[in-house]
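Participant: The structure under discussion is supplied below as structure tokens; questions concerning it will follow.
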Amino acid sequence: MKLGLSNPEFSGVVTGVYNSANADTDWHEITISDFTLLGPGSSLTSGDFIWFSIRSLNSTGAVYYKYGGSTPADPKVNVLIVPTTEAQRSDAGTIIGDTISYAKSTAGDDIVIQAGFGSLT
Numbered sequence: 180m181k182l183g184l185s186n187p188e189f190s191g192v193v194t195g196v197y198n199s200a201n202a203d204t205d206w207h208e209i210t211i212s213d214f215t216l217l218g219p220g221s222s223l224t225s226g227d228f229i230w231f232s233i234r235s236l237n238s239t240g241a242v243y244y245k246y247g248g249s250t251p252a253d254p255k256v257n258v259l260i261v262p263t264t265e266a267q268r269s270d271a272g273t274i275i276g277d278t279i280s281y282a283k284s285t286a287g288d289d290i291v292i293q294a295g296f297g298s299l300t
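According to this note's numbering, the sequence shown holds residues 180 to 300 in order.
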């Protein structure tokens, strides 16, 4: 360490993006195979979440997310909340498992999820 600085956090091998086309307020599960690689636009097939960011665009309501699986009708309690037109990021060490679930509070809202992945095979 020099001048009180440390090495930067590992940010992943690749970055992918997921655009929600769901027009409902149900919970939806996403894994790496739901993401598209930035640049060439190809699908990702395997790897571990290193970080992810969820953003509500042109929203009229909040977006909810949680680590792990869900069923469409799960209640929106004990979850993380992204307020209207804001974003949140989760980094390595806070992500549990290889599945993230999200739900919208308003069916027509648009959200974008970006993620960095490591350990690609």
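For glycine and all other residues, C-beta sits at the position ideal for the given N, C-alpha and C.
Tyr197 and Tyr244 look like a contact to me (Cβ under 8 angstroms); what is the Cβ gap, rounded to whole Å?
Facilitator: By 1-based counting over the sequence shown, the position of residue 197 is 18. By 1-based counting over the sequence shown, the position of residue 244 is 65. About 12 angstroms separates the two Cβ atoms, so there is no contact after all.
Participant: So what does DSSP say about Ile209, is it helix, strand or coil?
Facilitator: Against the sequence shown, residue 209 aligns to sequence position 30. Strand at Ile209.
Participant: Please list, in chain order, all residues of the same chain as Asp253 whose beta carbon is under 6 angstroms from its beta carbon, the five residues on each side excluded.
Facilitator: Residue mapping note: residue 253 aligns to position 74 of the sequence shown, counting from 1. Around Asp253: Trp206.
Participant: Tell me the rounded alpha-carbon separation between Gly220 and Val193.
Facilitator: In the sequence shown, residue 220 corresponds to position 41, counting from 1. In the sequence shown, residue 193 corresponds to position 14, counting from 1. So the alpha carbons of these two residues sit roughly 12 angstroms apart.
Participant: Express the C-alpha separation of Gly195 and Thr204 in angstroms, rounding to a whole number.
Facilitator: By one-based count along the sequence shown, residue 204 stands at place 25. By one-based count along the sequence shown, residue 195 stands at place 16. Each residue's alpha carbon lies about 23 angstroms from the other.
Participant: Cα separation between Ser222 and Thr239?
Facilitator: The residue you call residue 222 lines up with position 43 of the sequence shown. The residue you call residue 239 lines up with position 60 of the sequence shown. Roughly 30 angstroms between the two C-alpha positions.
Participant: Who are the Cβ neighbours of Gly287 in its own chain at under 7 angstroms, not counting the five residues just before and after it?
Facilitator: Here residue 287 is taken as the residue at index 108 of the sequence shown, counted from 1. Hits under 7 angstroms: Ala202.
Participant: Along the chain, where does the beta strand (DSSP E) containing Lys255 start, and where does it finish?
Facilitator: Numbered from its first residue, the sequence shown carries residue 255 at position 76. No beta strand (DSSP E) holds Lys255; DSSP gives it neither H nor E.
Participant: Kindly indicate which three-state DSSP category Val193 falls into: helix, strand or coil?
Facilitator: By 1-based counting over the sequence shown, the position of residue 193 is 14. Strand.
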